[in-house]
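A.B. asks: Numbering (our numbering), first residue to last: -5 to 172.
Just so you know, even glycine gets a beta-carbon here, dropped at the ideal spot from N, CA and C.
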Amino acid sequence: FIDNPDVEEVGIDDVAIRKGQTYATAVYDLKDHHLIALLEGRDAETLTGWLKNHQKIRLVARDRASAYAAAINAVLPDCVQVADRFHLLQNLLEYLKDIFKAEMPSAIYIKDGKILEQAPEKIQREKEPDKKYLSTLHYDNSPPVNPDGSEHSYDNKNHCLSRKQYKDQAENRKKNGS
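1. Within the same chain, show all residues whose beta-carbon is closer than 8 Å to that of Q173, passing over the 5 residues directly before and after it, in chain order.
2. Return the first residue and the last residue of the alpha helix (DSSP H) that R36 is part of.
3. Counting only the same chain and skipping the five closest in sequence on each side, list residues whose C-beta sits under 7 Å from that of T42.
4. What's the C-alpha gap between R167 and A18?
5. Can you tell me which residues form a DSSP beta bridge with V4?
6. Write down every uninterrupted run of the beta strand (DSSP E) in the segment 79 to 131 whose length is 3 residues or greater and which is fully enclosed by it, in chain order.
7. Taking three-plus beta-carbon pairs below 8 Å as touching, is the segment 73 to 89 in contact with the segment 38 to 57?
8. Along the chain, where does the alpha helix (DSSP H) containing A68 start, and where does it finish?
9. Rounded to whole angstroms, what is the Cα-Cα separation between E165 and K13?
10. With V9 and D23 assumed to form a contact (beta carbons below 8 Å), what rounded beta-carbon distance in angstroms separates them?
11. Do R52 and E97 have their C-beta atoms closer together than 8 Å?
12. Which two residues bound the contiguous beta strand (DSSP E) that contains Q15?
13. Going by DSSP, what residue range makes up the beta strand (DSSP E) through Q75?
14. Please go through the same chain and pick out, in chain order, the residues whose beta-carbon is closer than 7 Å to the beta-carbon of Q75, but skip the five residues on each side of it.
15. For L155, name the three-state secondary structure that DSSP assigns.
16. Taking V139 as the reference, which of S147, Y133, H132 has the closest Cα?
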């Protein structure tokens, strides 16, 4: 960073260092947009210390953070403070959204190119099945058959309780009292 104590116009904004866990204050020169300082934290005390060494500042573009405003007013009472372009647009969009929410209905119904005053009446229509497609399906509801021709059983009641797995489970139940 090239910190110029004679800078007259700066931009100040907070930046996230670690995805919202650690913040810093970025100070940049408004004329050529290069970073002048990256201050730890985003509180008034940190910025106040830096501003005391930069008494020639006459214009600050900043976000709406009250901590920054307080620091600038305390150290540079004659300094002009303006909202930066990003925050001006952000504020404008928020106000426009609020206006549209208040003025626009929650739903607009259009039929034949005309806006309707109320929701159109719903018409219940029973859809006929596609007979051609249905004719291609074959389902006889019979149980599956093993390669030897016997019926395949999905019944899981044929446990061999003498197997090690079942004996271990029985032991654990005895130990746990269940």
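C.D. replies: With the structure as the only source:
1. As displayed, the chain neither begins before -5 nor continues past 172, which places residue 173 out of reach and without an answer.
2. Mapped onto the sequence shown, residue 36 falls at position 42. Careful: R36 lies outside any alpha helix (DSSP H) and carries neither H nor E.
3. As a first step, residue 42 is located in the sequence shown; it is residue number 48 there, counting from the start. Cβ neighbours of T42 beyond the five flanking positions: A65, A68, V69.
4. Residue 167 sits at position 173 when you count from the first residue of the sequence shown. Residue 18 sits at position 24 when you count from the first residue of the sequence shown. Cα to Cα, the separation comes out at about 58 Å.
5. Taking the sequence shown and counting its residues from 1, one reaches residue 4 at position 10. Paired residues: D23, V54.
6. 103 to 105, 108 to 110
7. yes
8. Residue mapping note: residue 68 aligns to position 74 of the sequence shown, counting from 1. From DSSP, the alpha helix (DSSP H) with A68 extends over 60 to 69.
9. Locating residue 165 in the sequence shown gives position 171, where the first residue counts as 1. Locating residue 13 in the sequence shown gives position 19, where the first residue counts as 1. Looking at the two C-alpha atoms, the distance is approximately 51 Å.
10. Numbered from its first residue, the sequence shown carries residue 9 at position 15. Numbered from its first residue, the sequence shown carries residue 23 at position 29. With 8 Å as the limit, V9 and D23 do not qualify as a contact, their Cβ atoms being about 16 Å apart.
11. Position 58 of the sequence shown holds residue 52. Position 103 of the sequence shown holds residue 97. Result no, Cβ atoms of R52 and E97 do not sit closer than 8 Å.
12. Here residue 15 refers to the residue found at position 21 of the sequence shown. Per DSSP, Q15 belongs to no beta strand (DSSP E) and is neither H nor E.
13. Here residue 75 corresponds to residue number 81 of the sequence shown, with the count starting at 1. Per DSSP, Q75 belongs to the beta strand (DSSP E) from 74 to 77.
14. Translated into the one-based positions of the sequence shown, residue 75 becomes position 81. V54, R56, A63, I66, listed in sequence order.
15. Taking the sequence shown and counting its residues from 1, the one referred to as residue 155 is at position 161. Coil.
16. On the sequence shown, residue 139 is found 145 positions in, with the first residue counted as 1. For V139, the nearest C-alpha among the options comes from S147.
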